[in-house]
Every structure is written in C-alpha cells, then in structure tokens.
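Peer 1:
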Ligand code: SF4
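Chains as they are written, first to last, in the working numbering: chain X, 7 to 286; chain H, 13 to 205.
1) If you run the structure through DSSP and keep just helix, strand and coil, what is residue 47 of chain X?
2) Closer than 5 Å is what we want: which residues have a beta carbon that near any heavy atom of the ligand SF4? List them in chain order.
3) Ignore the nearest five residues each way along the sequence and tell me which others in residue 35 of chain X's own chain have a CB closer than 8 Å to its CB.
4) Which value, in whole angstroms, describes the spacing of the CA atoms of residue 59 of chain H and residue 113 of chain H?
5) For a contact defined as C-beta to C-beta under 8 Å, what are the partners of residue 111 of chain X on chain H?
6) In terms of DSSP beta bridges, what is residue 154 of chain H paired with?
7) Taking 8 Å as the threshold (C-beta atoms), are residue 185 of chain X and residue 46 of chain X in contact?
8) At a CB distance below 9 Å, what residues from the segment 43-56 of chain X approach chain H? Give them in sequence order.
9) How close, in whole Å, do the beta carbons of residue 8 of chain X and residue 89 of chain X come, if the pair is a contact with beta carbons under 8 Å?
10) Would residue 172 of chain H count as contacting chain X if we go by Cβ distances under 8 Å?
11) For chain C, is any of its Cβ atoms less than 8 Å away from the one on residue 20 of chain H?
12) Does chain X have any CB closer than 8 Å to the CB of residue 132 of chain H?
13) Check residue 130 of chain X in the structure and name its three-state DSSP category.
14) Identify which residue in H:181, H:176, H:116 has its Cα closest to the Cα of residue 25 of chain H.
15) Are any of the Cβ atoms in chain X nearer than 8 Å to that of residue 17 of chain H?
16) Quick one: does residue 89 of chain X have its CB under 8 Å from some CB of chain H?
17) Nearest CA to the CA of residue 149 of chain H: which residue from X:247, X:254, X:53, X:257?
18) If you check the beta carbons only, do residue 253 of chain X and residue 191 of chain X fall under 8 Å apart?
19) Let me confirm a value: residue 274 of chain X is counted as buried when at least 16 other C-beta atoms fall within 10 Å, else exposed. Which label applies?
20) Does the Cβ of residue 205 of chain H have 16 or more other Cβ atoms within 10 Å, making it buried, or fewer, making it exposed?
21) Within 10 angstroms of the Cβ of residue 220 of chain X, are there 16 or more other Cβ atoms? Answer buried if so, exposed if not.
22) Check whether the segment 30-47 of chain H touches the segment 26-41 of chain X, counting contact only when three or more Cβ pairs, one atom from each stretch, lie closer than 8 Å.
23) Whose Cβ in chain X lies nearer than 7 Å to the Cβ of residue 96 of chain H?
24) Quick one: give me the first and last residue of the beta strand (DSSP E) that residue 273 of chain X is part of.
25) Could you check the C-alpha separation between residue 103 of chain H and residue 12 of chain X for me, to the nearest Å?
26) At a cut-off of 7 Å, would you count residue 110 of chain X as near the ligand COA, judging by its Cβ distance to the nearest heavy atom?
27) Of all the options X:38, X:70, X:232, which has the alpha carbon lying nearest to the alpha carbon of residue 22 of chain X?
28) Buried or exposed for residue 120 of chain X, going by 16 or more other Cβ atoms inside 10 Å?
29) Please report the residue range of the alpha helix (DSSP H) in which residue 99 of chain X lies.
30) If we call anything under 8 Å between Cβ atoms a contact, is residue 205 of chain X one with residue 269 of chain X?
31) Pull the bridge partners of residue 149 of chain X from the DSSP assignment, please.
32) Which residues share a DSSP beta bridge with residue 8 of chain X?
33) What residues in the segment 270-281 of chain X have a beta carbon less than 7 Å from any beta carbon of chain H?
34) Put residue 161 of chain H into one of helix, strand or coil per three-state DSSP.
35) I'd like to know whether the C-beta atoms of residue 255 of chain X and residue 226 of chain X end up nearer to each other than 8 Å.
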C-alpha cells in the first residue's frame, strides 16, 4: 500500500479550483483560436476575439475567467493500493474547495438546501464521483461547472427503434432549445446507453477529455463528427447570436445497455470550460 | 458589425437620450459609459415585493440601466472581481414591472419572453447583451463599484457600477427587432424547423 495524506489531497483540490478558474486551458484556447478562423459571422468573430482576450486578462488580473465559478465537480480515480491517511477523501476534497474558493476569491454559488436556498458560504459541498482502479495513484479530475450550461443538460430514455437518427435529433433539439443560455461555443458530452444515472454520469465525464484530443475509436470518431456537424448546422454561433461555430467539440461515449433501452444524455460545457487534473 | 459602435451614456436622462435609446436597432454594437445597477434573481424578487408594498426601488429608477450580474469577490485593493452577465430569462417575470418604474436599459445574456419584448415597445426601452463568460474583460471596464441595497445577498446584492466603454450588442429593440431570431436564421442550415 502507498500512503497518500488527506492534506495532500486537500492542497491539490484547492490548487485545481483556483488554477482552473483563473487560467483557461490550452486546449480550449486553441479551439477558440481555430474557431475564429472558421467563423463567418462578424458578430461571432468579435465574440470569439473577446473570449480569447478575456482569458488573457483573467490570468493577468488574477480574476476568474467567468464570475460563475460553478459547482466544484470532481471525478476521482482511487488506486486500489492507495491508503488515504489523516482523513476521508470527501472531507479532504471539501476542505480543498473551501480553501480554494475563499483564498482564490472565487464566487460561492452553492446553497445548502434546494428549497430554503441559503448559501453555504464556501462553495461546498463539492460534487464527488469516485471510482476504484488498479494501481497506487490517486487521480483527481476537476471541473468548475457554471449553472448556465448545467441547467441545459438533458437525458431521455429513447426507444431502441429510434436508433442513431433519434439520438442525433435529441442532441440537436437539446442544443437548439438551450440557445444562448449555455454560452456557446459549447463542448458537448454525449452518452448513449447504460441506465438512467450511468448515462448522465458518462455524458458528464465525457466532457473531461481534452478538447481536440483525437477519439481513438474510428467508428466513434465518425459519429462525433456527425453530431458536431448537426449541431453546428443549427446556426446558433458564438453567444447564440448567429454563426457557424455553435460547438467546439462533441465527445461521445457508447455504453452497454438493456435490450429494451436507449438512454441518451447530453452534458453541456460553455466556452469557459474550466477543467484540470492532478495525480498524487 | 463592421460599423463603429454607438456610444451611450447612462442613465437615460432627457428626451435626446430617450430618443437615442428608441433609435437603437438589433445587431448594433454599443459602448456604455455611466452608471449601471446590478440585480439578479433574489434582488429582483425583493424589488418587486417592495413595489407591491408601495415602496420605491433602492436606486433612482428614472432612465436606469440594470445589469443582470452577480460578480465574483474583489481581491483587496481591486474594484471588483469578474463580472459577466447572467441568463436574463430568469428575470423576465420581473422586468415589465421595473420598466414601468422608469428602467430603460437591461443588460444580460440570452433571449427574452414575449411579455418583455412587448414591454420594450411600450416603454421605448432596450435589451442589450454582453458576451456571457467574457467576465474578466468586462470587469476591466468597471471603474467603481459599491453596494447600494440588500448587502445580505452577497454577490446578489444591488451594486452601483460606474463603467467606461462597456461593450454590448443590441439584442431586442423598441421596434420589435430580435437579434437572436435574425442572427440564427442567417446561419441555420437545417431544413426541418
Ligand atoms: S455558461 Fe459558462 S461562460 Fe456562461 S455565464 Fe455560465 S459559467 Fe460563465
């Protein structure tokens, strides 16, 4: 067994929260630059230019890329040979979020009760998903998930007869209805298959692939291209004000499912797609 | 958008200013200077409740501009944190009541309801959009900020902001123009809707 301290997990979580929020990832920046060349709408080009400039200013002024610094979402891969000492994983991550959001001057956007709606004051609790994996490492993947995009998430339990055409239409409809709310250009995580909650989770996790990182499976890569084209044909464009680039990328996950089921989940990430990872 | 942006000074005072607002058309770029008031979900609820009790708005409402925003906290010595727009549709239910009090400019992101568009016509008001997520860039155009109402709401408190050359685009004008439908129609490639 290899020991990892709760203090190390806390420090890594805090750093991820601050860094991801203040510095837009190279992957997203490169995709925005590329979109600028492709965009035909003058308004769209102007918005893309503002977004690239915004990322530069955020880092220079040490302010968040977007004021909605989001839910703090963590996907954790916990090696079976890791022994966590000095506290629980959940406590350590929440302590990191508390520290990162306070010391990093990030906005605290979490309410403790969904009906009474009192702000918890420190952006906790984080949303934490843990998976046990082989090995002696602990991998923390983080995303700051603003509500503008999160509120547009969709899940449908389609009939298997709807097939790929049905999936495509559902994704298109979700993006069309979302309009400008999730701040396009988007990154979309789409999962097809699994059961209800597995499908939603896989769609969210699919977002975490780096934007522009090639899909290794040729068949899935082809389907991703088809979805991207279908979404860009909607004409929403940057800011939803009309244009060619509605989405920067679509990440697709296909999962085993039931003979009588065809779940489809669509997770939305806005252009301020803030994510990062740490390996302990 | 190749044209030079139109410069506007806020609040809207006097007939010439009011006419300038009525003359704006969807798709035009504007640069705002002057005073804006931030308000989002909770502040709107409180303001509309205050009006129902016969009280006044917590800022001078005549010709006022409201920015739908909840900034991130300022670092010590700084004016403000990041301050981009939030989704305006959540304020749709409250916006006509505020226009009736004199509010003439709203700034946010995303499309508005039929009731809001109708109120824009009735009051000669305008709805502008700032780029969602361009929050650090927009924050640099904010020269001062102070809380004027509901400090207990934190980021959701009403802030008075003084801005200089704050960039926005006219989304809905007082003549019924709507950039969201016009812009998307120009670039849509689907046959089915
Ligand atoms: S959707 Fe994203 S970019 Fe837009 S306001 Fe929310 S967090 Fe910011």
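By construction, the Cβ of each residue, glycine as well, lies at the ideal position given by its N, Cα and C atoms.
Peer 2: Reading it off the structure:
1) coil
2) X:72, X:74, X:152, X:154, X:155, X:189, X:276, X:278, H:144, H:145
3) 58, 61
4) 11 Å
5) 84, 85, 86, 87, 93
6) H:175
7) no
8) 46, 47, 48, 49, 50, 51, 52, 53, 56
9) 7 Å
10) no
11) Absent from the structure is chain C; the protein chains it does hold are X and H.
12) no
13) coil
14) H:116
15) no
16) no
17) X:53
18) yes
19) buried
20) Only weak support exists for where residue 205 of chain H lies, its pLDDT of 49 falling under 50; the value from the coordinates is given anyway. That one is exposed.
21) exposed
22) no
23) 72, 73
24) 268-275
25) 43 Å
26) In the structure shown, the ligand COA is absent; the only ligands present are the ligand SF4.
27) X:70
28) exposed
29) 95-109
30) yes
31) X:79, X:281
32) X:88
33) 276, 277, 278
34) strand
35) no
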